[in-house]
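Written below as structure tokens is the structure these notes are about.
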Amino acid sequence: MPYLSECEVTSHHELSPGHYRLVLHCPEIAQDAQAGQFCMLEVQQGYYPFLRRPMCFERIFKDSVSILYKIEGEGTRLLSALSPGQSINVQGPLGKPFPLEANHARHIMVAGGIGIAPFPALAEAIIAKLGVTPEIIIAARTDSMLLCEREFQQMGCKIHLATDDGSAGQKAFASEVLRALAPGPDTIAYCCGPMPMMKATHRVCEDLGVRCLASLEAEMACGDGVCLGCVVEAKVEIEAERMVRVCYDGPVFDSALINWDNY
Amino acid sequence: MPANLQVNVGGLLMKNPVTVGSGTFAYGQEYDRYFDVSRLGAVTTKSLSLKPRAGNKPPRLVETPSGMLNAIGLQNVGIDVYLREKAPWLRNKGCTIIGNIYGYSPEEYAELARRLEAEGAADAIEANLSCPNVHDARTARGCTLVAQDPQQVTAYTQAIRAATKLPLFIKLTPNVLDIAEPALAAEAAGADGIAIINTLLGMGIDPETRRPILSNIVGGLSGPAIRPVAVKMVWDVAKVVKIPIIGMGGICTAADALQFILAGATAVAVGSYSFRQPDASMKVIEGLAEYCERHSVANITELIGAMKV
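Those sequence lines, one after another, are chains F and G.
Using numbering that gives the first Met the number 0, read the first sequence as starting at 0 and increasing by one per residue.
Using numbering that gives the first Met the number 0, read the second sequence as starting at 0 and increasing by one per residue.
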């Protein structure tokens, strides 16, 4: 059940230009939250911005959650001015979490840019619940946009870095790095990032017979399955079921369900 | 003694004047996780069509200053699923139901109204003659809506009127020169109430890509940005019709709702703001009660059209 809570900002830091980590004290939400779920942040009071901003949980602690975000527009720019001690209204947890499936020997997370955001929590959950240590591909446009390397090192994850410009790790796209890791039918992949990056990751997984879960992002008004604004097209013949809601049916989907031709 | 908030909207008794805008509350279940939705004067459903609809392709929604533009395209479960799965839940919950309907012809509207009445799945019908998002905006004249043509409003209203004895509300568009004309047409054709306003037509363009922001190009603007327009249209219509008005357009607080009531609305609907604040409609009800107490108003009906000029 989602809560509406006033939560205190306990810390807020810029990690690299335009990228922030926000930690919120929210015992009720933290207690229920699972990796892959998200919350809706009320950026400030009043009608500008009019809508909340959806943000997934980076990590889930006993009484708090952390959120990673990148300044993309006015809402996130205003959000970045929040200081520790101030409070913010948070609605959550919302959406379907990553399923934790024990029948895979190898777990590979594929992150593009700020798409790294849900993976620290997922890695912790996989380690804690499944007793397996996942690998992670951290890909971004350039060196300064590679986030969370230290966190994954501390968890003991095998890390594969890639940048579009070759400033760190391999000069390659995330999907190419994944293919080179030779995942097989015993592997499960999790991807999050820009749509073209997830589309390419899905194609690689499809080729190699790898189950792939994609965590999608969309502009949304309600975060709760009501407004139908955040839908993506699924490969479903039945008219009534073709448009799936990122907020409510997702944000985590089996990548085979999504019609990637649109991206 | 607490004020009496009950209102009679063209034969529909509501325990308080607050409902929700069609399409901003789905079929009630989602927001019941935040508050008891049976506390609402009525739940207004998402527009129901005879067949399920997938709606428009994304992107369907974009935020605007103090509001949002949407082009959902009436995605809905269809009347069969509504009758089988949604209405029983609302009934079991004890909700008063305004069933909002959408069709492609007067006959389709009539059929929808008949079925809702026959199955006891609505206490009133709200006919959406004004959705801007189900037409091809690329054509030269853009979209035309039934509610933009008073003659068509007459024909559609008559057809639905003949099909049901339930209180019938006609939901009109603000995208007209004179909102009084379609309102008068609906009244003369037997409507029991006027629901105003639907969204204002709008669009956005991304200068970087030079492409429209919404896949449908054109969408409907809602939220506090349109509230002054809506209040004025309620006032315009209240001056000429005798049937009650359900006022809506950017209502976020009880003070907003009171503007509509003072302008002449008998009931009000909280729309897009529920997306921001899921329990906003309940807070409006509480705020109306508090206002009545503070102003020694015994019956909220005393406030209808009570603007001092």
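Every residue, glycine too, gets a C-beta built ideally from N, C-alpha and C.
Chain G contact for residue i (CB, 8 Å cutoff)
i: F:Val230; result: yes
i: F:Leu212; result: no
i: F:Pro53; result: no
i: F:Asp31; result: no
i: F:Cys6; result: no
i: F:Asp163; result: no
i: F:Asp223; result: yes
i: F:Tyr262; result: no
i: F:Met194; result: no
i: F:Cys226; result: yes
i: F:Tyr46; result: yes
i: F:Ala199; result: no
i: F:Glu71; result: no
i: F:Ala220; result: yes
Proximal residues of chain F, C-beta to C-beta of residue i below 9 Å
i: G:Pro173; result: Going along chain F, no residue has its Cβ under 9 Å from G:Pro173, so there is no contact; the nearest lies around 19 Å.
i: G:Ile96; result: None at all; the shortest Cβ gap to chain F is about 17 Å.
7 Å Cβ cut-off: residues of chain G touching residue i
i: F:Met242; result: Ala53, Gly54 and Gln74
Chain-ordered chain G contacts of residue i [CB-CB under 8 Å]
i: F:Phe252; result: Neighbours of F:Phe252 on chain G: none; closest Cβ ~14 Å, over 8 Å.
i: F:Ala173; result: Those do not exist, as F:Ala173 stays about 23 Å from chain G at its closest Cβ, beyond 8 Å.
Expected contact under 8 Å - CB spacing of residue i and residue j to nearest Å
i: G:Ala256; j: G:Leu287; result: 6 Å
i: F:Glu150; j: F:Pro119; result: 5 Å
i: G:Asn215; j: G:Leu199; result: No, G:Asn215 and G:Leu199 are not in contact; Cβ-Cβ is about 15 Å, not under 8 Å.
i: G:Arg59; j: G:Ala41; result: 26 Å between Cβ atoms; not a contact.
i: F:Phe56; j: F:Gln36; result: 6 Å
i: G:Ile225; j: G:Val8; result: So it is not a contact: roughly 22 Å between Cβ atoms.
i: F:Val243; j: F:Met219; result: Going by Cβ atoms, the distance from F:Val243 to F:Met219 rounds to 13 Å, so no, they are not a contact pair.
i: F:Val8; j: F:Gly84; result: 7 Å
i: G:Asp122; j: G:Ile97; result: 7 Å
i: G:Gly66; j: G:Ser271; result: 7 Å
i: G:Arg114; j: G:Leu68; result: Between G:Leu68 and G:Arg114 the Cβ distance is about 32 Å, and since that is not below 8 Å, they are no contact.
Residue i: contacting residues in chain G (beta-carbon distance under 9 Å)
i: F:Cys25; result: Neighbours of F:Cys25 on chain G: none; closest Cβ ~16 Å, over 9 Å.
i: F:Phe49; result: Glu62, Thr63, Pro64, Ser65, Gly66, Met67, Gly222, Pro223, Ala224, Ser271, Tyr272, Phe274 and Arg275
Three-state class that DSSP yields for residue i in the structure shown
i: F:Gln33; result: coil
i: G:Val42; result: strand
i: G:Val80; result: helix
i: F:Glu57; result: coil
i: G:Gln150; result: helix
i: F:Phe172; result: coil
i: F:Val131; result: coil
i: F:Ala139; result: strand
i: G:Pro166; result: coil
i: G:Asn15; result: coil
i: F:Phe264; result: Limits of chain F in this structure are 0 at one end and 262 at the other, which puts residue 264 of chain F out of reach.
i: G:Leu89; result: helix
i: G:Pro160; result: For the record, residue 160 of chain G in the displayed sequence is Arg; it is not Pro. Helix at G:Arg160.
i: G:Met67; result: strand
i: F:Ser15; result: strand
i: F:Asn261; result: helix
i: F:Met39; result: strand
i: G:Val36; result: helix
i: G:Ile303; result: coil
Chain F within 8 Å of residue i, Cβ atoms only
i: G:Leu183; result: no
i: G:Met247; result: no
i: G:Arg114; result: no
i: G:Pro166; result: no
i: G:Arg59; result: yes
i: G:Glu29; result: yes
i: G:Ile159; result: no
i: G:Ile100; result: no
i: G:Ile216; result: no
i: G:Ile71; result: yes
i: G:Ala139; result: Residue placement at G:Ala139 is poorly supported in this model, since its pLDDT is 48, which falls under 50; the coordinates still yield a value, given next. Taking Cβ atoms only, chain F never reaches closer than 8 Å to G:Ala139, which makes this a no.
Closer than 8 Å at the beta carbon, the chain F residues around residue i
i: G:Thr208; result: By Cβ distance, chain F contributes nothing, its closest Cβ being about 14 Å from G:Thr208, past 8 Å.
i: G:Tyr33; result: Pro1 and Leu3
Under 7 Å by beta carbon: chain F residues contacting residue i
i: G:Gly77; result: Ala239
i: G:Phe24; result: Val225
Proximity test, Cβ basis, 8 Å: residue i and chain A
i: G:Pro58; result: The displayed structure is made up of protein chains F and G, and chain A is not among them.
*Complete runs of the alpha helix (DSSP H) confined to the stretch 173-203 of chain G [at least 4 residues]*: Runs of the alpha helix (DSSP H) inside the stretch 173-203 of chain G: 179-187.
*Output the residue ranges of the beta strand (DSSP E) runs that lie fully inside the stretch 209-295 of chain G and measure 3 residues or longer, sorted by chain position.*
217-221, 244-247 and 266-269
*Give, in chain order, every unbroken run of the beta strand (DSSP E) that is at least 3 residues long and sits entirely within the stretch 198-246 of chain F.*
210-214, 230-232 and 242-244
*Counting only runs of 4+ residues fully inside the stretch 46-127 of chain F, write out the alpha helix (DSSP H) ranges in chain order.*
73-78 and 118-124
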